[in-house]
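Enquirer: Chains as they are written, first to last, in the numbering used here: chain A, 847 to 1168; chain B, 847 to 1168; chain C, 847 to 1168; chain D, 847 to 1168.
Even for Gly, the Cβ is constructed at its ideal location relative to N, Cα and C.
Number of protein chains: 4
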Amino acid sequence: MSHNHEDVPHLNEFLKDSPKNWGKWGPDDEVGALNYLTPEEVLRGTAAVRSGKTFTLGVPIAHPDGDPIWPGRRTAQRISIRDRGDFLAGAGIDYAGGLQDADDMIIMMLQGSTQYDALAHVWYGDQVWNGYPAEVTAGGIKKASVFTLADKGIVGHAVLIDMARYRGKKVLTRGETFTHEDLLAAAAQQGVTIQKRDILLIRTGWIDSYYYTPDEEFYRDFLEPGLTYSPELVQWFQDMEIPNLCTDTIANEVTIEPETGIVLPLHLALMRNLGITLAEILSLDKLADDCAADGQWDFLYSAGPLKVWNGTGSPVNPIAIK
Amino acid sequence: MSHNHEDVPHLNEFLKDSPKNWGKWGPDDEVGALNYLTPEEVLRGTAAVRSGKTFTLGVPIAHPDGDPIWPGRRTAQRISIRDRGDFLAGAGIDYAGGLQDADDMIIMMLQGSTQYDALAHVWYGDQVWNGYPAEVTAGGIKKASVFTLADKGIVGHAVLIDMARYRGKKVLTRGETFTHEDLLAAAAQQGVTIQKRDILLIRTGWIDSYYYTPDEEFYRDFLEPGLTYSPELVQWFQDMEIPNLCTDTIANEVTIEPETGIVLPLHLALMRNLGITLAEILSLDKLADDCAADGQWDFLYSAGPLKVWNGTGSPVNPIAIK
Amino acid sequence: MSHNHEDVPHLNEFLKDSPKNWGKWGPDDEVGALNYLTPEEVLRGTAAVRSGKTFTLGVPIAHPDGDPIWPGRRTAQRISIRDRGDFLAGAGIDYAGGLQDADDMIIMMLQGSTQYDALAHVWYGDQVWNGYPAEVTAGGIKKASVFTLADKGIVGHAVLIDMARYRGKKVLTRGETFTHEDLLAAAAQQGVTIQKRDILLIRTGWIDSYYYTPDEEFYRDFLEPGLTYSPELVQWFQDMEIPNLCTDTIANEVTIEPETGIVLPLHLALMRNLGITLAEILSLDKLADDCAADGQWDFLYSAGPLKVWNGTGSPVNPIAIK
Amino acid sequence: MSHNHEDVPHLNEFLKDSPKNWGKWGPDDEVGALNYLTPEEVLRGTAAVRSGKTFTLGVPIAHPDGDPIWPGRRTAQRISIRDRGDFLAGAGIDYAGGLQDADDMIIMMLQGSTQYDALAHVWYGDQVWNGYPAEVTAGGIKKASVFTLADKGIVGHAVLIDMARYRGKKVLTRGETFTHEDLLAAAAQQGVTIQKRDILLIRTGWIDSYYYTPDEEFYRDFLEPGLTYSPELVQWFQDMEIPNLCTDTIANEVTIEPETGIVLPLHLALMRNLGITLAEILSLDKLADDCAADGQWDFLYSAGPLKVWNGTGSPVNPIAIK
């Protein structure tokens, strides 16, 4: 299933009949399907909380053993600016009273860890989400940046679908695919129903495997497991009014669509056309283990990406509240 | 009330009778008073949710007009790595199918925006929170870094005290102080009770004033309004088992304690000694306006600082869920 | 002499009769007038050395009092990564034998200090030096970057013209202009002849004044002294086969051409059209004082900008050898 | 010849009888053996110029295939801030007259390319060059930083010794060593004499091999070829009053001294104790080929490291003028 680059159909053609939510929330909308997250949805999420257990879903940043990252991006670098050593060496700040402090900085890609994508992060043709011209991305995203997502925040009722557990695996295989019908079958086996406007979390086990897999194996061919495109899947996402898709992979979908060779068609069908917000690189193993143990696969989900002005995305540490 | 540097008492002496929670949660504890945030507290927070309204409390990062920041730190810099312009100029990536994308990076101080401090961020003498030697901060914080706070997450029942509104002001004055008794009086006026283990948010109006105040005025003498130290105040925080103090100022307390000239004594009495987590630079005006309008000053609070390995702090975008 | 933006003539029109050296050194040339710097010119430079005195012409980088820089660019930031403090605090590296070390990083604009411009650093219309399409600059300069200049290096016979001293001033005034005829008059007064293929250094005193002038005064209206455009001046530079123009200003010419309001027309007439390399922000006061003292205004000039791949420019510390 | 870390002798003991030049140029000296580079030496260098050929000796920075670098340091990152794409997409700056420009920044280690070390870059015991306490390095080097070297500049008479060619190899083998007596034998074979106060360049072929060697091979065990320590070698460098040692390796000496297991003892014997300036990662193959062709192995050498305030080192692009 390898594809000659020139034989791969262009997205303009491939998605020409794919549904769009452009204009649905007005010509100035910048948050897309997050509009589904009304106060009622927040209350529906709150109502799912039973035990008060919480799980944070971000991965470590600037871990000494490395961070999982899209090839070509650099991993985050944390740098100590001042610490105890400076004070011992007489180079600290002489604060009145004797306070000492440690300060540091970070250099990182905004898509370099657990992250929300701005709706305008990817596109095809000449337009991003809601029909804004792609030129709004130049020199920083002027429309549909991560700032607007972050300003709204993401709070709602979420459900976790554990595809790896469903298939009896610790982690799905490189390039292994699944569809929305597989999601429904897994949900049925888990005893949970995916409801309209649910924030959808899908576990493959992939990201957490980074921490026990050699780099050359994890990144080989850069081929992750994930959802694959079909018109029916896209329609299902639209009908279900999914506001936000979150996975424990770097790309949120199988990197290269096997039938056509197109790179990341779901990013475009779901995010660019339907305005569905994407969150990636979540760590879901601990949450999944707990859900399997107590049988509760739904919860309140709260995520506050950073309000980076004009940003293409933002690192984030989402929280599941069960 | 200006002080000669050499006449300022040392914190070793000044706080020698101040209470400590060291060891209370074991010798290996790294999250301090966040231990108070048990599942019961999460449920108490959830129970406070009534309308489903949400408010994000982070400030913009890398805003073109500047970001409020502790003097001497550099503001965040967001940098476009790839965007529409690159594709127009033939320098984009040739993804099969025609996807185009925008990517960016950020360079920022970990304490350079709305933020959580690691418990080991500041100290006096030779020890940080829980008695770890201050050397744990050298080259990156090895104990009580922001990673452990972020790994736990901060979810609980919160109350907002609006000191500016209480005093009939849009924003408190430079250097204006208040005590825990003022907090209690304001709470009474608001018709809300500060309960044990509440996450405490205090509004002064200061940070939001940054956006309508000239820099030379905002930063003049770098003197913010805020809480002032007293032994009674420290005891009250300990007795109330406050897990987390959040304010809309850069320092969370009046920068220089007026009686003694000590810099940031509450950081040390509350965070270093009692393990109370500090969050700073929150934007609270919109939330406060809503609370004043509907009379509900308590809510579920959810904050996910980034899991920066060895970090002194982390940018964050907390969410209030009413 | 302020100009309405829309009344300013476009460079396409303004320079339509201005001479070009495009193609003179072949269609693949990337170093322009540096081609004049043949071995013969190196020998002419070496022959000018008499006393063996040397002068370095770079300004400090990351100076605690700030660096002179084009408004909108950030000054360089040097950051200690490891130093004695880390070793005192037990966070150094345990090198066998007991070596200890200090290590740094730097974040800086490539045009943020004493610098060479890549020939493709600025342009008008759709083409850069030698007729390459301006698209060669996208995502990093593919043609006529600073790498090619740096790979050649700049070594030749140079002459210093001290315009400030000629006009009896310590430093020229904000916006004060001069022409090639003024250069010739100053040279005559200095008793030196500008010869064909001389590297031309012009002193205004401006950059060195940065270190004793308040920022608000130095940067007011950002209006430097400098050369002004005239067709005759451009022709003179071409006839003289000047390979490299170096000044102690940020822009190398008066920032806004007073007659027309055009920004930096000489950059375009000299660099983009004639291929003359520009070096800026040189510190020339010490060298000029020495030349005035010993009467020797010419010397061997040696500059090695860094070989930054695809770079728009490079910091540099040129050396004058008298 | 592998060594148990604890069996490796400490440099305090190992070098206790090694000669020092501390105080030789006064208690405030910060440039050490560069003091040997008097105007007379500059004239001696100039006198060596015969043909006017020039060679730049820096390696590419931020090369797409990577840069050779000491393990643990990050390679330089050049980032486009503005370019043609921004103007095409309407995000450029609207300069009056129509100028367009490209602007870059760089993030790099100061020891991350062809570089000069500050004299205080490495030390043992509690003191750096000239007896300054090692605390001068904390938070940025206050004494004997690269600024002082850069402010002086390095200009003098240089000789190239081609150890690889002497041994009939394109490049010396991993871990292959040589001594000052080997240098003298090679010089004799080349027909050149190493004179007092010569800047000494040694070619191993190592750095240029980086560009045709797979990374896993180049960095395996990180073991470079190079000089090895002996008391006689140190004495020879002192007697010869060598101001500056430059090589085409990352470490300038065999990384781990084979007899004792000490890391980089020559850095300490030569730089810390004798004040000899070290330059590393030079590209010498082209220069060596030319010298072999014309039989001229000596030349004028000119290097201007950047004047980085408090810096541990600086990237540089030295020039050999034959």
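Could you check whether Leu1146(C) and His967(C) sit closer than 8 Å to each other, using their CB atoms as the reference points?
Expert: The residue labelled residue 967(C) in the question sits at position 121 within the third sequence. The residue labelled residue 1146(C) in the question sits at position 300 within the third sequence. In this structure, Leu1146(C) does not lie closer than 8 Å to His967(C) by Cβ.
Enquirer: Mind checking who Val992(D) pairs with in its DSSP beta bridge?
Expert: Residue 992(D) sits at position 146 when you count from the first residue of the fourth sequence. DSSP output for Val992(D) lists no bridge partner at all.
Enquirer: Only counting the same chain, and skipping five residues up and downstream in sequence, which positions put a Cβ closer than 6 Å to that of Gly977(C)?
Expert: Here residue 977(C) refers to the residue found at position 131 of the third sequence. Closer than 6 Å at the Cβ level, and outside the excluded window around Gly977(C), lie Trp868.
Enquirer: Checking 8 Å against the spacing of the C-beta atoms, do Leu1091(A) and Ile1127(A) come in under that value?
Expert: What you label residue 1091(A) is simply residue 245 of the first sequence in a count that begins at 1. What you label residue 1127(A) is simply residue 281 of the first sequence in a count that begins at 1. Not a contact, by the Cβ cut-off of 8 Å.
Enquirer: So which residues on chain A does His1071(B) lean against when the C-beta distance must stay under 8 Å?
Expert: Mapped onto the second sequence, residue 1071(B) falls at position 225. With the sequence shown as reference, residue 1071(B) is identified as Pro, and His is not the correct amino acid for it. Those do not exist, as Pro1071(B) stays about 19 Å from chain A at its closest Cβ, beyond 8 Å.
Enquirer: Do Ala1033(B) and Ile1040(B) have their C-beta atoms within less than 8 Å of each other?
Expert: As a position in the second sequence, residue 1033(B) is number 187, starting the count at 1. As a position in the second sequence, residue 1040(B) is number 194, starting the count at 1. Closer than 8 Å, so yes.
Enquirer: Assign Pro840(C) to buried or exposed, taking buried as 16 or more other Cβ atoms, counted over all protein chains shown, within 10 Å of its Cβ.
Expert: Given that chain C is displayed from residue 847 to residue 1168, the structure contains no residue 840(C) and the question cannot be resolved.
Enquirer: How long is the line joining the alpha carbons of Ala964(B) and Val1162(A), rounded to whole angstroms?
Expert: Position 118 of the second sequence holds residue 964(B). Position 316 of the first sequence holds residue 1162(A). Roughly 17 Å separates the two Cα atoms.
Enquirer: Is there contact between the region 885-905 of chain C and the region 1102-1120 of chain C, where contact requires at least three CB pairs shorter than 8 Å?
Expert: As far as the Cβ criterion goes, the region 885-905 of chain C does not touch the region 1102-1120 of chain C, which means the pair count is below three.
Enquirer: Residue range of the beta strand (DSSP E) that Glu1126(D) falls in?
Expert: Here residue 1126(D) corresponds to residue number 280 of the fourth sequence, with the count starting at 1. Start and end: 1123-1126.
Enquirer: According to DSSP, is His849(D) part of a helix, a strand, or is it coil?
Expert: Within the fourth sequence, numbered from 1, the residue matching residue 849(D) stands at position 3. Here His849(D) sits in coil by DSSP.
Enquirer: In this structure, how does DSSP classify His967(D) when only helix, strand and coil are distinguished?
Expert: For the purposes of this step, residue 967(D) is taken as the residue at position 121 of the fourth sequence. If DSSP states are grouped into helix, strand and coil, His967(D) belongs with coil.
Enquirer: Using only alpha-carbon positions, find the residue among Lys1168(D), Pro855(D), Leu1112(D), Asp940(D) that is nearest to Ala1139(D).
Expert: For the purposes of this step, residue 1139(D) is taken as residue 293 along the fourth sequence, with counting starting at 1. The shortest Cα separation from Ala1139(D) among Lys1168(D), Pro855(D), Leu1112(D), Asp940(D) belongs to Lys1168(D).
Enquirer: Could you tell me whether the region 896-916 of chain D touches the region 919-934 of chain B, where touching means 3 or more Cβ pairs closer than 8 Å?
Expert: The region 896-916 of chain D, when compared against the region 919-934 of chain B, does not touch it at the 8 Å Cβ threshold.
Enquirer: Please go through the region 852-927 of chain B and give each complete beta strand (DSSP E) segment of 3 or more residues, from N-terminal end onward.
Expert: Those beta strand (DSSP E) runs which fall completely within the region 852-927 of chain B and span 3+ residues are 900-902.
Enquirer: Quick one: Cα of His849(A) to Cα of Ile1096(A), how far?
Expert: Walking along the first sequence from the start, residue 849(A) turns up at place 3. Walking along the first sequence from the start, residue 1096(A) turns up at place 250. Between His849(A) and Ile1096(A), the C-alpha separation is close to 22 Å.
Enquirer: Do you know how far the Cα of His1026(D) is from the Cα of Asp1094(D)?
Expert: As a first step, residue 1094(D) is located in the fourth sequence; it is residue number 248 there, counting from the start. As a first step, residue 1026(D) is located in the fourth sequence; it is residue number 180 there, counting from the start. Distance between the alpha carbons of Asp1094(D) and His1026(D): 16 Å.
Enquirer: Give the single residue among Leu861(A), Tyr882(A), Lys862(A) whose Cα lies nearest to the Cα of Lys870(A).
Expert: Position 24 of the first sequence, counted from the first residue, corresponds to residue 870(A). When only C-alpha atoms are compared, the closest one is Tyr882(A).
Enquirer: Who are the near neighbours of Thr994(D) in its chain, counting only those whose CB is closer than 6 Å to its CB and skipping five residues on each side?
Expert: Locating residue 994(D) in the fourth sequence gives position 148, where the first residue counts as 1. So the qualifying residues of the chain are Glu876, Val877.
Enquirer: Can you tell me the Cα-Cα spacing of Asp1144(B) and Gly1037(B), whole angstroms?
Expert: As a working mapping, residue 1144(B) is identified with position 298 in the second sequence. As a working mapping, residue 1037(B) is identified with position 191 in the second sequence. Taking the straight line from one Cα to the other gives about 10 Å.
Enquirer: Please tell me whether Val974(B) and Arg1066(B) are closer than 8 Å, where the distance is taken between their beta carbons.
Expert: The residue you call residue 974(B) lines up with position 128 of the second sequence. The residue you call residue 1066(B) lines up with position 220 of the second sequence. No, these two residues do not count as a Cβ contact at 8 Å.
Enquirer: Below 8 Å on the Cβ atoms is my contact criterion, and I expect Gly1159(B) with Ala935(D) to pass it. Report the Cβ-Cβ distance as a whole number of Å.
Expert: What you label residue 1159(B) is simply residue 313 of the second sequence in a count that begins at 1. What you label residue 935(D) is simply residue 89 of the fourth sequence in a count that begins at 1. The pair is not a contact, with the Cβ atoms about 36 Å apart (cut-off 8 Å).
Enquirer: Can you tell which of Ile1088(D), Ile1045(D), Val905(D), Ile939(D) has the C-alpha that lies nearest to the C-alpha of Gln961(D)?
Expert: For the purposes of this step, residue 961(D) is taken as residue 115 along the fourth sequence, with counting starting at 1. Among Ile1088(D), Ile1045(D), Val905(D), Ile939(D), the Cα nearest to that of Gln961(D) is on Val905(D).
Enquirer: Check each residue of the region 1046-1069 of chain D: if its Cβ is closer than 7 Å to any Cβ of chain C, include it; give the result in chain order.
Expert: Per Cβ criterion, the list is empty.
Enquirer: Decide if Asp1054(D) is buried, meaning its Cβ has at least 16 other Cβ atoms within 10 Å, or exposed.
Expert: In the fourth sequence, the residue the question calls residue 1054(D) occupies position 208. When all chains shown are included, Asp1054(D) counts as buried.
Enquirer: Whole angstroms is fine: what's the gap from Glu1087(A)'s alpha carbon to Arg1043(A)'s?
Expert: Numbered from 1 along the first sequence, position 241 holds the residue referred to as residue 1087(A). Numbered from 1 along the first sequence, position 197 holds the residue referred to as residue 1043(A). Taking the straight line joining both Cα atoms gives about 5 Å.
Enquirer: So what's Gly977(C) in DSSP terms, helix, strand or just coil?
Expert: The residue labelled residue 977(C) in the question sits at position 131 within the third sequence. In the structure shown, Gly977(C) sits in a helix (DSSP, three-state: H, G or I).
Enquirer: Do Ile1165(A) and Ser1148(B) count as a contact pair if the criterion is CB distance below 8 Å?
Expert: As a working note, residue 1148(B) is residue 302 in the second sequence. As a working note, residue 1165(A) is residue 319 in the first sequence. Contact flag set, yes.
Enquirer: Is the separation between the beta-carbon of Phe797(A) and that of Tyr1056(A) shorter than 8 Å?
Expert: The requested residue 797(A) does not occur in the structure, where chain A is confined to residues 847 to 1168.
Enquirer: Is there a C-beta anywhere in chain B that falls below 8 Å from the one on Arg920(C)?
Expert: Within the third sequence, the letter at position 74 stands for residue 920(C). Interface residue, yes.
Enquirer: Measuring only between beta-carbons, confirm whether Lys1180(B) sits less than 8 Å from chain A.
Expert: Residue coverage of chain B in this structure runs from 847 to 1168, which leaves residue 1180(B) outside it and unanswerable.
Enquirer: In or out: Asp863(C) buried (at least 16 other Cβ within 10 Å) or exposed?
Expert: As a first step, residue 863(C) must be located in the third sequence, where it is residue number 17. So Asp863(C) ends up on the exposed side.
Enquirer: Quick check on the burial criterion: 16 or more other C-beta atoms within 10 angstroms. Buried or exposed for Lys1153(A)?
Expert: Within the first sequence, residue 1153(A) is the residue found at index 307, counting from 1. When all chains shown are included, Lys1153(A) counts as buried.
Enquirer: Can you give me the C-alpha to C-alpha distance between Leu1029(B) and Val895(B), rounded to a whole angstrom?
Expert: Reading the second sequence from its first residue, position 183 is the one you call residue 1029(B). Reading the second sequence from its first residue, position 49 is the one you call residue 895(B). Spanning the two alpha carbons is a distance of roughly 23 Å.
Enquirer: Report the neighbours of Ile834(A) on chain D: residues whose CB is nearer than 8 Å to its CB, in chain order.
Expert: This structure cannot settle anything about residue 834(A), because the visible part of chain A is limited to 847 through 1168.
Enquirer: Can you list the residues of chain D that Ala937(B) reaches, using a CB-CB cut of under 9 Å?
Expert: Within the second sequence, numbered from 1, the residue matching residue 937(B) stands at position 91. Those within 9 Å of Ala937(B) in chain D are Ser926, Asp929, Arg930, Gly931.
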